[in-house]
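Data block below; observations after.
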Amino acid sequence: MTASTTLPDSVTLHGHIVPTTLFVGGQWRTTEETFAVDNPATGKEIAQVHTGSAQDALDALDAADRAQRSWRSVAPRDRAELFRRAHAALLARADEITTVMTLESGKPLAESRGEFALSADFFLWYAEQIAHLHGTYAPGSRGGYRIVTTHQPVGPSLLITPWNFPLLMIARKAGAALAAGCPVIVKSARETPLTCALFVQVLEESGFPAGVVNLIHTTSSSSVSEAVMADRRLRKVSFTGSTGVGSTLLRQAAPGIVNASMELGGDGPFLVLDDADVDLAVEQAIVCKFRNAGQACVAANRIIVHASVVEEFTTKFVAAARALKVGDGFDPKTEIGPIISRRQLDTVTRLVEQLREIDADLLTGGSAVESSGYFFEPTVFAVRDRTSAVCKQELFAPIATIYTVGSTAEAIEFANDTTYGLAAYVFTRDLSRAVTVSEHLDFGMVSVNRGIMADPAASFGGVKASGLGREGGHDAINEFLEPKYLAITVD
Ligand code: NAD
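All residue numbers for the sequence shown refer to full-length UniProt numbering, where the first residue is 1 and numbers rise by one.
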């Protein structure tokens, strides 16, 4: 393992030294301006981080462009070896990374550890795939020549990630890009740049060559992305975040025909059919809804329950929601951490006000918790209205909404009545029914009798307004590869 280059600036958090600068062309780089990163559990500043400009991002693109020829030529086994080293280096720094993740995102330490384990697993999985990337060989359809198809890396890639899973989002994306042979420019989320910085430092220390991984923190995401997207050397943008920003990036990608992958918002329906194991459905709905304080793209956004089991489900679900302990992520008893920011807490409060105004009953919660941090009570509504705007949007909050339906057909129709198409959930004891229902759901992913679905080997992604492309599985690496066909004349 090579040592990290000199850190020109850093912050010490719980005894761990964390870089606070950009990383461009193999060097940690300071800038003139900095921005504050807060701990959402206390509302207090934990670090000042250097903010990059459009020029810093263009310098990163320059470095990525220079690195691409040599990076794409690294032998598969050597590239896989770098991944294995990075995997080991990540594991060696588990305490440090999970501590910083909880500090800046607020999520309970147990959730940080779960996210960390999955992120490291992605790196191992990609390491195992690199040596298996191959093409095809066939005779020409009427003979006379041979058709050889290989895959080549798309080229320098801009990776933009959100704050809700500060390590997983970037490990999943960067892992796929680097496995394919693409150098990357990582644009961290403003709220959680420090976890991202530690991840990039792990890659640096594991021996990924200068220019192959670059990191930009910024308070001006749009000027950074506009500058990089307008430069012909950029060949790919891979984005995870809201549908609105994804759509802006697609417009920016259009003039240069920049290849784009989009992991966007969700409006996940959670179907509990009349033959469901209600206790299992309640247990999984609690995880699916309240994990990360509801700030997950695959969260259960509408819990749709058959009338014959709705009373039992609702009674048990409300009791379980009420029992969840809200608090600082470092308290081992905490099950729900804070909302990411004051601004987002205000949004959650407004959503509750809107739900109170429609045909819906508040069953528990409904208020922010008195604190200097940004806590909100786990909240449950039984909703009869299905047409108000608040019923048709991604809540992204610890607010559960339960809807009652009279039949499976009605459940499917309501589930599909959304512009989104990311994750859906079906709870039933009948496997053949689960298959039929899942075939009728217009979603990229359907989970049967499970409230969590991310896995390194699975193709993760959505349809409709939830995105384009997939992350995880072989599809993730293919997002960063382009087929190249060679016609070879044979005598
Ligand atoms: P966001 O779209 O506001 O921000 C995401 C990232 O884009 C951040 O790094 C932000 O700084 C950057 N950004 C914002 N405006 C930009 C611009 N004009 N140009 C370039 N970059 C810009 O989303 P958010 O609030 O951070 O995250 C929540 C959203 O992300 C939710 O809609 C959620 O569903 C979605 N999400 C989707 C997935 C998925 O895999 N489908 C995973 C996690 C989150």
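Note that CB positions come from ideal geometry on N, CA and C, so glycine has one too.
Keep in mind the model is a prediction, meaning the values are calculated, not measured.
Per DSSP, which one or two residues make a beta bridge with residue i?
i: T489; result: Y145
i: T401; result: F381
i: M445; result: A423
i: N292; result: DSSP, once it has assigned bridges, lists no residue as partnering N292.
i: P269; result: R302
i: V361; result: Checking the sequence, you will find Asp at residue 361 rather than Val. BP columns for D361 point to A382.
i: P19; result: S10
i: D38; result: E45
i: I336; result: V326
i: P153; result: L481
i: G467; result: E263
i: A276; result: In the DSSP output, where bridge partners are listed per residue, A276 has none listed.
i: A457; result: According to DSSP, which records beta bridges pairwise, A457 is partnered with nothing at all.
i: F375; result: F375 pairs with nothing; no bridge assigned.
What number of angstroms, rounded off, separates the C-alpha of residue i from the C-alpha of residue j?
i: S220; j: A382; result: 40 angstroms
i: V448; j: V272; result: 10 angstroms
i: I477; j: G114; result: 23 angstroms
i: P209; j: R66; result: 11 angstroms
i: A260; j: V186; result: 15 angstroms
i: S466; j: F290; result: 21 angstroms
i: M1; j: R384; result: With a pLDDT of 47 at M1, under the threshold of 50, the modelled position of this residue cannot be trusted, and the question is left open.
i: A254; j: V298; result: 28 angstroms
i: I358; j: A276; result: 29 angstroms
i: S238; j: G246; result: 9 angstroms
i: R302; j: D274; result: 17 angstroms
i: H474; j: A171; result: 15 angstroms
i: G207; j: L82; result: 7 angstroms
i: E471; j: V446; result: 15 angstroms
i: S372; j: T42; result: 5 angstroms
i: M101; j: R142; result: 59 angstroms
i: V184; j: M262; result: 16 angstroms
i: S407; j: F443; result: 20 angstroms
i: D331; j: P108; result: 8 angstroms
i: V318; j: F270; result: 16 angstroms
i: R72; j: Y126; result: 16 angstroms
i: I17; j: T240; result: 28 angstroms
i: L355; j: L198; result: 40 angstroms
i: D9; j: L103; result: 19 angstroms
i: L264; j: G144; result: 47 angstroms
i: A409; j: V305; result: 12 angstroms
i: T34; j: G155; result: 30 angstroms
i: T489; j: P139; result: 10 angstroms
i: L7; j: L124; result: 28 angstroms
i: L159; j: G469; result: 14 angstroms
i: S70; j: T30; result: 27 angstroms
i: L13; j: T192; result: 14 angstroms
i: N416; j: I147; result: 43 angstroms
i: A88; j: A117; result: 12 angstroms
i: S188; j: L215; result: 7 angstroms
i: P483; j: T99; result: 41 angstroms
i: S341; j: C391; result: 23 angstroms
i: A487; j: Y137; result: 10 angstroms
i: V258; j: L61; result: 14 angstroms
i: L363; j: L441; result: 29 angstroms
i: D78; j: G451; result: 38 angstroms
i: V228; j: G25; result: 15 angstroms
i: T218; j: W28; result: 15 angstroms
Which first and last residues belong to the alpha helix (DSSP H) in which residue i is found?
i: R190; result: Here R190 belongs to no alpha helix (DSSP H), and DSSP marks it neither H nor E.
i: T436; result: L431 to H440
i: E45; result: Segment K44 to H50 is the beta strand (DSSP E) holding E45; no alpha helix (DSSP H) there.
i: H474; result: G473 to N478
i: D56; result: A54 to R72
i: I412; result: T408 to N416
Which two residues bound the contiguous beta strand (DSSP E) that contains residue i?
i: I304; result: A300 to H306
i: T5; result: From DSSP, T5 is part of no beta strand (DSSP E); its letter is neither H nor E.
i: Q27; result: Q27 to R29
i: F23; result: L22 to V24
i: T136; result: T136 to P139
i: S157; result: S157 to I160
Pick out the complete beta strand (DSSP E) segments inside the segment 214 to 261, 3 residues or longer, and give them in chain order.
236 to 240
Those runs of the alpha helix (DSSP H) which lie wholly inside the segment 76 to 134 and span at least 4 residues
76 to 92, 94 to 105 and 109 to 130
Which runs of the alpha helix (DSSP H) fall wholly inside the segment 162 to 201 and span at least 4 residues, in chain order?
168 to 180
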